[in-house]
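Asker: Have a look at this one before I ask anything.
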Amino acid sequence: MSTEGRGGDDGRDGKDRQLDGVRTDSEQSLTTDTGVRVGDTDNSLRAGARGPTLLEDFHAREKITHFDHERIPERVVHARGAGAYGHFRPYEGLSELTAAHFLSGPDVTTPVFVRFSTVAGSRGSADTVRDVRGFAVKFYTEEGNYDLVGNNMPVFFIQDGIKFPDFVHAVKPEPHNEIPQAQSAHDTLWDFVGLQPETMHMMMWLMSDRAIPRSYRTMQGFGVHTFRFVNARGRGTFVKFHWKPLLGTHSLVWDEAQRVQGKDPDFNRRDLWEAIERGQYPEWELGVQLVSEEDEHAFDFDLLDATKIIPEEQVPVRPIGRLTLNRNPDNFFAETEQVAFHTANVVPGIDFTNDPLLQARNFSYLDTQLLRLGGSNFQQIPVNRPLAPVSNNQRDGFAQHRVHRGGTSYHPNSLGGGCPAVAHGEGVYRHYTEKVEGDKIRVRSESFADHYSQATLFYNSLAGWEREHLVEAFRFELGKCEELEVRQRVVTNLNHVDHRLSVQVAEGLGVEPPEEEVTPNHGRSSPALSQLSTTFGSVVGRKVAVLVADGVDEAAVDAFREPLIGAGAVVELLAATDGAVRTSRGGVVTVDRAYPTVSSVLYDAVVVTGGPDAARTLAGDGLARHFVLEAYKHHKPVAAVGAGTELLAPPLPEEVTAPVDGLRVELGVVASPDAGEEGVAAFTRLLGEHRFWDRPTASVPA
Ligand code: HDD
């Protein structure tokens, strides 16, 4: 058994060390691909200084040819993504449940590569679109690679993989004009949704704030399907996988998300990269929901139906281990682009169920890699190479990197000493023994027929502000549909989820609200589904903008900056121009960024410190004022101290603009005559609370 997965004396994991063999630095002289040293790469070989280029210029031809072939097909879905390496460690041994070695105990650390993604957009699209996020984890276990290819939502749009091409064609840009890019707000998606009611539960998630995560670090992940754990004795247990971010599940607001698309299209990708570079390693807890084989039919939905969750109140999530991402890739294309996930990459102890969506995926992922990565040897690409030894009779093919020795490549053989022989004993993959019988029929099981109850469950579980966002999202998306009939059909379907919801959505769209309730709301809820039930309090990695100008009160800046950085926040000083500003005491402080190059939407909170001159300058600058208004509008913590309180002016509401004679914390806004410890502590607390939903914002023009 390979020990490569284990950390070496240098503290690096096996995958990191394996990659040493292919890492390449640009240190030597320029050469051709064949290693011939090149003395001029700026002028092609030509007949005379002004003459034609010669075909014999092998260097020019090779350079241009390689460039011409640089692109590979982007992923048909999940084209836009960002990845990182890390490790996974279980909290305890799970051998009662699964034979998987990587889950056998806390002394086994498994290197991983994780790729997060959006689904609908092209490789160059913006990060903060309304979309599902992919959450794909490749575990380089000692028993081979295991891929858990999940999303940040626990259900899916369709029940059977045969519908996947239809769904993807509907959500992708429309084929005649390739509009819109990376958006679900268009006729073809909603046409499909209206006609395919099984999408409704997932559409509720997609219209919720889950579809606009603040950061990859603050989103949940789900394996979605019911999988199967199998222990060494062959006993199976149904399992659903959950990733919970230690920083909590937090989102953007829709207006903000749209603006970020222009201000920083790489917002989520950059955030992940920078957090890892800062050493603030993103972490998730892996949890499992377990259902015994005997309880397969104990629910009012089918475990094989990927449009259903198992409510956590019914089957609690048991935490089993922790994922930490601690290393950025060296090269985006080589690693993040070429990583190839496949739901059928399983290890002993993990098996499938008959979920028809999963069954189709088990075909699709291998197939797509063959095209995308140019043939059958893609597992030899460094990021995909397992740490477990590979030995079989697969041979040849495009870009074969192994030099197989010996004269036999078949089984059985005697001439090659019988090698490789079939494996025996521990660590051999054994499929779960499941009795299967039935007629060969194209039928959807009756147990998959209820498309609305869990959509209603989700709706019932949301906090008031989450419901408001949901209604606004439906109105926005359907409002972008040109065909009234498309809007109307979705509204009619929503009436099966909740009557009030369908009426509210219809009101914003100018279509007929359903007159009567058709399916009474069952009234059940699952509190775990609301983002209210997530973790709050941490400010790690939250970005705080401190607006400054000449005459700034340096002591007030430090009063905020030092404790916030100490608590893990990222603090940046922004002024009208780059460089430095003079302080009220005649010193200087360095500016991190000029605020015309950024925007409030790239920060989680804003602080305006005094001195009177600085406050006057900022109050007279439309960009600075807009910065504060916009942060307020997006429900973010705001602090203003000393003369900085001048920026808390109308059109902000009176609760936050009235003069202060002591510390005041109102609607997520800290105002104080000075930058005392109490005010800074209050602001830090607000930063940990993330957003303030009870704040009136409608009349704030930002
Ligand atoms: Fe898929 C990529 C997640 C259903 C076919 N899918 C892909 C990725 C994720 C998911 C995270 C990106 C992997 C990466 O980062 O490289 N897909 C899901 C989830 C699904 C799901 C959670 C439902 C539970 N997918 C699904 C179905 C099919 C596919 C039903 C086909 C029948 N998915 C693909 C694909 C992709 C893919 C075409 C595109 C690129 C790739 O595989 O490597 O094969």
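Residue numbers (full-length UniProt numbering): 1 to 702. Virtual Cβ for every residue (Gly too), placed ideally from N, Cα, C.
Sort VAL552, VAL497 and ASN384 by Cα distance to MET204 and report the nearest one.
Answerer: In the sequence shown, counting from the first residue as 1, residue 204 sits at position 204. The shortest Cα separation from MET204 among VAL552, VAL497 and ASN384 belongs to VAL497.
Asker: Give me the Cα-Cα distance between SER445 and PRO356, rounded to the nearest whole angstrom.
Answerer: Taking the first residue of the sequence shown as 1, we reach residue 445 at position 445. Taking the first residue of the sequence shown as 1, we reach residue 356 at position 356. Roughly 10 Å separates the two Cα atoms.
Asker: At 3 residues or longer, what runs of the beta strand (DSSP E) sit wholly inside the segment 90 to 130?
Answerer: Whole beta strand (DSSP E) segments, 3+ residues: 110 to 118.
Asker: Looking at the unbroken beta strand (DSSP E) that takes in HIS242, where does it start and where does it end?
Answerer: Within the sequence shown, the letter at position 242 stands for residue 242. First-last of the beta strand (DSSP E) with HIS242: 236 to 245.
Asker: Can you say whether LEU303 is buried or exposed, counting buried as having 16 or more other CB atoms within 10 angstroms of its CB?
Answerer: Start at 1 with the first residue of the sequence shown, and residue 303 comes out as number 303. By the 10 Å Cβ count, LEU303 comes out buried.
Asker: Give the C-beta separation of GLU143 and GLY427 to the nearest angstrom, bearing in mind that I take them to be a contact with Cβ-Cβ under 8 Å.
Answerer: Residue 143 sits at position 143 when you count from the first residue of the sequence shown. Residue 427 sits at position 427 when you count from the first residue of the sequence shown. Rounded, the Cβ-Cβ distance is 5 Å, consistent with contact.
Asker: Taking VAL155 as the reference, give the member of GLY221, HIS59 and ARG402 with the closest Cα.
Answerer: Stepping through the sequence shown from its first residue, residue 155 is reached at position 155. The residue with the shortest Cα to Cα distance from VAL155 is GLY221.
Asker: At which residues does the beta strand (DSSP E) containing LYS543 begin and terminate?
Answerer: Taking the sequence shown and counting its residues from 1, the one referred to as residue 543 is at position 543. First-last of the beta strand (DSSP E) with LYS543: 543 to 547.
Asker: Rounded to whole angstroms, what's the CA-CA distance from MET1 to ALA126? Just pull it up for me.
Answerer: Locating residue 1 in the sequence shown gives position 1, counting from the first residue. Locating residue 126 in the sequence shown gives position 126, counting from the first residue. Reliability of the predicted coordinates at MET1 is poor, the pLDDT of 36 falling under 50, and no value is obtained from them.
Asker: Have a look at LEU462 and ARG385 and give me their C-alpha separation to the nearest angstrom.
Answerer: Looking up residue 462 in the sequence shown gives position 462. Looking up residue 385 in the sequence shown gives position 385. Each residue's Cα considered, the two are about 43 Å apart.
Asker: DSSP on PHE378, reduced to helix/strand/coil?
Answerer: Stepping through the sequence shown from its first residue, residue 378 is reached at position 378. Residue state, collapsed to three classes: helix.
Asker: Do the segment 494 to 513 and the segment 241 to 253 touch if we need at least three Cβ pairs shorter than 8 Å?
Answerer: Taking 8 Å as the limit for Cβ pairs, the verdict is that the segment 241 to 253 does not touch the segment 494 to 513.
Asker: Ignoring anything shorter than 4 residues, give me the alpha helix (DSSP H) runs that lie fully in the segment 566 to 627, in order along the chain.
Answerer: If we require 4 residues or more, the alpha helix (DSSP H) runs fully inside the segment 566 to 627 come out as 612 to 619.
Asker: Looking only at C-alpha atoms, which of PHE560, THR433 and HIS469 sits nearest to SER251?
Answerer: Taking the first residue of the sequence shown as 1, we reach residue 251 at position 251. Checked all of PHE560, THR433 and HIS469; the closest Cα to SER251 is HIS469.
Asker: Excluding five sequence neighbours on each side, which residues of the same chain lie with their C-beta closer than 8 Å to the C-beta of SER391?
Answerer: As a first step, residue 391 must be located in the sequence shown, where it is residue number 391. Answer for SER391: CYS419 and PRO420, listed in chain order.
Asker: Run the proximity test for THR368: is its beta-carbon closer than 7 Å to any non-hydrogen atom belonging to ligand 1?
Answerer: As a position in the sequence shown, residue 368 is number 368, starting the count at 1. Yes; taking the cut-off as 7 Å, the Cβ of THR368 has a heavy atom of ligand 1 nearer than that.
Asker: Kindly give me the distance between the Cβ atoms of LEU272 and ARG217, rounded to whole angstroms, as I take these residues to be in contact under 8 Å.
Answerer: For this step, residue 272 is matched to residue 272 along the sequence shown. For this step, residue 217 is matched to residue 217 along the sequence shown. At roughly 7 Å, the Cβ-Cβ gap stays under 8 Å, so LEU272 and ARG217 are in contact.
Asker: Does the pairing of the segment 117 to 126 with the segment 340 to 354 give three or more beta-carbon distances under 8 Å?
Answerer: With a cut-off of 8 Å, the segment 340 to 354 and the segment 117 to 126 do not count as touching, because too few Cβ pairs lie within range.
Asker: Can you tell me which of the three DSSP states HIS451 falls into?
Answerer: Residue mapping note: residue 451 aligns to position 451 of the sequence shown, counting from 1. DSSP places HIS451 in coil when its eight states are reduced to three.
Asker: Could you tell me whether the segment 67 to 76 touches the segment 367 to 376, using the rule of 3 or more Cβ pairs below 8 Å?
Answerer: They touch, by the three-pair rule.
Asker: Under the DSSP definition of a beta bridge, which residues are partnered with HIS87?
Answerer: Working through the sequence shown from its first residue, we reach residue 87 at position 87. PRO111 and THR324, per the DSSP bridge assignment.
Asker: Could you check whether PHE352 and ARG228 sit closer than 8 Å to each other, using their CB atoms as the reference points?
Answerer: Counting from one through the sequence shown, the residue named residue 228 turns up at place 228. Counting from one through the sequence shown, the residue named residue 352 turns up at place 352. Yes; because the gap between Cβ atoms is below 8 Å, this pair is in contact.
Asker: Should LEU415 be labelled buried (16 or more other beta-carbon atoms within 10 Å of its own) or exposed?
Answerer: Within the sequence shown, numbered from 1, the residue matching residue 415 stands at position 415. Result: exposed.
Asker: Give the DSSP bridge partners of VAL665, in chain order.
Answerer: Start at 1 with the first residue of the sequence shown, and residue 665 comes out as number 665. According to DSSP, VAL665 bridges with VAL670.
Asker: Below 6 Å CB to CB, which residues in the same chain sit around GLY541 once its five sequence neighbours on both sides are set aside?
Answerer: Indexing the sequence shown from 1 puts residue 541 at position 541. Closer than 6 Å at the Cβ level, and outside the excluded window around GLY541, lie ALA275 and GLN280.
Asker: Using 8 Å for Cβ pairs, my map puts VAL606 next to ALA631. What's the rounded Cβ distance?
Answerer: Within the sequence shown, numbered from 1, the residue matching residue 606 stands at position 606. Within the sequence shown, numbered from 1, the residue matching residue 631 stands at position 631. With a Cβ gap of about 4 Å, VAL606 and ALA631 count as contacting.
Asker: Helix, strand or coil for ILE212 per DSSP?
Answerer: By 1-based counting over the sequence shown, the position of residue 212 is 212. Of the three classes helix, strand and coil, the one that applies to ILE212 here is coil, per DSSP.
Asker: Any idea what DSSP makes of LYS138, helix, strand or coil?
Answerer: Indexing the sequence shown from 1 puts residue 138 at position 138. Strand.
Asker: Could you say which of ASN328, GLU337 and GLN359 lies nearest to THR226 if we only look at CA atoms?
Answerer: In the sequence shown, residue 226 corresponds to position 226, counting from 1. Of the candidates ASN328, GLU337 and GLN359, the one whose C-alpha sits nearest the C-alpha of THR226 is GLN359.
Asker: Could you pull the start and end residues of the beta strand (DSSP E) that SER292 belongs to?
Answerer: What you label residue 292 is simply residue 292 of the sequence shown in a count that begins at 1. Looking at the DSSP string, the run of the beta strand (DSSP E) that includes SER292 is 283 to 292.
Asker: Cβ of VAL76 within 7 Å of any heavy atom in ligand 1?
Answerer: For the purposes of this step, residue 76 is identified with residue 76 of the sequence shown, where counting begins at 1. Yes, Cβ of VAL76 sits closer than 7 Å to a heavy atom of ligand 1.
Asker: Does at least one heavy atom of ligand 1 sit under 7 Å from the Cβ of HIS499?
Answerer: Locating residue 499 in the sequence shown gives position 499, where the first residue counts as 1. Not so, every heavy atom of ligand 1 lies at least 7 Å from the Cβ.
Asker: Return the CA-CA distance between GLY374 and PRO382, expressed in angstroms with no decimal places.
Answerer: Translated into the one-based positions of the sequence shown, residue 374 becomes position 374. Translated into the one-based positions of the sequence shown, residue 382 becomes position 382. If you take the alpha carbons of GLY374 and PRO382, they lie about 15 Å apart.
Asker: Please work out which residues of its chain come closer than 7 Å, Cβ to Cβ, to PHE378, disregarding the five sequence neighbours upstream and downstream, and give them in chain order.
Answerer: Translated into positions along the sequence shown, residue 378 becomes position 378. Excluding positions up to five away in sequence, the list reads ALA340, GLN369 and ASN384.
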